[in-house]
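J.: Numbering (my numbering), first residue to last: 3 to 392.
In this text, a Cβ means the ideal position worked out from N, Cα and C, and glycines have one as well.
Predicted model, so just to flag it, every value in this text is computed and none were measured.
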Ligand code: NDP
């Protein structure tokens, strides 16, 4: 398949496993315009973060017994960004030219994340001990820079980790997808069904994350991990540029996809979403208020900390049902790209490795927190992610 006219072919692979016949030179990585665009994007999302929020939520209790407050306006930021982009496109903004800049943009985002993490490291040097994360404070400069020293670095009420977690990267990802869809429409007359599916599924995932933004306050990233290069790079560079690989692939490798197969793939995505949303909402509701009628009847185990663990409902099926749903969705995002190339399955494979590692990390933390009660939970719910398999 020839690359689109006048463009580079960053995803043109020789075969399913072969190396790319074309590798860009280093000079193609750097563009001051890409850096400017990247910083403008961050500035826009920061401005949207500062707008009045429909709700201000409290985070989990910290070491010093205080709780931080977080604006719940991520979905509003998505809608306002869509409106601004829509206005821009109707006024002639060449959004479909964005795919041509992906390489320098990814480089600019990586550079930004690196410099940002250095500043976060320096900021942590003057932070009180109670503000430091449980990990990321080993004394080894590189390790601590990578994991992040401060748990919730802030300037006034602006929380850097919470801001980066869901907004610039996730909204940037769907914007890149949209630009790829528009470029495909320009090249081939209309976007393909496969491109619509990938855009639709991933938009649903991002919109869901922002709609249920408050649920992020009980995740490992917010409660446990410091904010360093790992999260900054992941949020700002890795997510938008690698999670859009399926749409990038489809631009260069259009796939014929009929309605019967498309409907089956939609069904897989719906099943994954149902499990993912059900599990995340159940745990979040339970953690916020265990007497909530939606979770009050579920069976639980008491722990020495006073917190209880769910052993029925989604959390009685496997110990991380939310990861199972997420993985099923990841598979549905790759299937529209066919089965003859490995690249669109990169996300599914990488994500499997990430979630297996993350699950293991979480289990160790839970064992430390809950001791015997955690052993009891593992005895009653023996599988980690996939029932009867793992
Ligand atoms: P979880 O939301 O699964 O949170 C784990 C915590 O839940 C545990 O530490 C424990 O904390 C609590 N918990 C565990 N078991 C139980 C139980 N039986 N009853 C009650 N509480 C329990 O972790 P993540 O932050 O890893 O994931 C959040 C979501 O984000 C997932 O859906 C995941 O798939 C997704 N994700 C997506 C990524 C992506 O790149 N697309 C990357 C990472 C995550 P405690 O007891 O202290 O409340």
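Among residues of its own chain, excluding the 5 on either side of residue 62, which ones have a beta-carbon nearer than 6 Å to its beta-carbon?
T.: Result list for residue 62: 225, in chain order.
J.: Rounded to a whole number of angstroms, what is the C-alpha to C-alpha distance between residue 26 and residue 348?
T.: Roughly 20 Å separates the two Cα atoms.
J.: Is there at least one non-hydrogen atom of the ligand NDP closer than 6 Å to the beta-carbon of residue 285?
T.: True, at least one ligand heavy atom lies under 6 Å from that Cβ.
J.: Report buried or exposed for residue 306, applying the criterion of at least 16 other Cβ atoms within 10 angstroms of its Cβ.
T.: Flag for residue 306 reads exposed.
J.: For residue 66, which three-state DSSP category applies?
T.: Three-state DSSP puts residue 66 in coil, outside helix and strand.
J.: Unbroken beta strand (DSSP E) runs of length 3 or more, entirely within the region 320 to 369: which are they?
T.: Entirely contained in the region 320 to 369, not one beta strand (DSSP E) run reaches 3 residues.
J.: Is the beta carbon of residue 181 closer than 7 Å to that of residue 86?
T.: No, they are not a contact pair.
J.: Start and end of the beta strand (DSSP E) containing residue 387?
T.: Premise fails: residue 387 is in no beta strand (DSSP E) and is neither H nor E.
J.: Which residue or residues does DSSP assign as beta-bridge partners of residue 165?
T.: BP columns for residue 165 are empty, so no partner.
J.: Does the Cβ of residue 213 lie closer than 6 Å to at least one heavy atom of the ligand NDP?
T.: Not under cutoff, so the answer is no.
J.: Contact check, residue 292 vs residue 279 under 8 Å by CB: the rounded distance?
T.: The pair is not a contact, with the Cβ atoms about 20 Å apart (cut-off 8 Å).
J.: Is any non-hydrogen atom of the ligand NDP found closer than 6 Å to the C-beta of residue 179, if you look at the structure I gave you?
T.: Outside the cutoff, so no.
J.: Would the C-beta of residue 364 count as close to the ligand NDP, meaning under 6 Å from any of its heavy atoms?
T.: Flag set: Cβ of residue 364 near the ligand NDP.
J.: Smallest Cα separation from residue 341: which of 252, 49, 75?
T.: Considering only alpha carbons, the answer is 252.
J.: If you draw a straight line from the C-alpha of residue 142 to the C-alpha of residue 135, how long is it?
T.: Each residue's Cα considered, the two are about 15 Å apart.
J.: Please classify residue 123 as buried or exposed, where buried requires at least 16 neighbouring CB atoms within 10 angstroms.
T.: Buried.
J.: Please determine whether the Cβ atom of residue 349 lies at a distance below 6 Å from any heavy atom of the ligand NDP.
T.: Every heavy atom of the ligand NDP is 6 Å or more from the Cβ of residue 349, so no.
J.: Can you tell me whether residue 145 is helix, strand or coil according to DSSP?
T.: In this structure, residue 145 counts as helix in the three-state DSSP scheme.
J.: I'd like to confirm the pairing. Which residues does DSSP put opposite residue 60 in its beta bridges?
T.: DSSP output for residue 60 lists 71 as bridge partner(s).
J.: When the distance is taken between beta carbons, is residue 80 closer than 7 Å to residue 205?
T.: For residue 205 and residue 80, no; Cβs fall outside 7 Å.
J.: Would you call the region 350 to 365 in contact with the region 272 to 291, where contact means no fewer than 3 C-beta pairs closer than 8 Å?
T.: Counting Cβ pairs under 8 Å, fewer than three are found: no touch.
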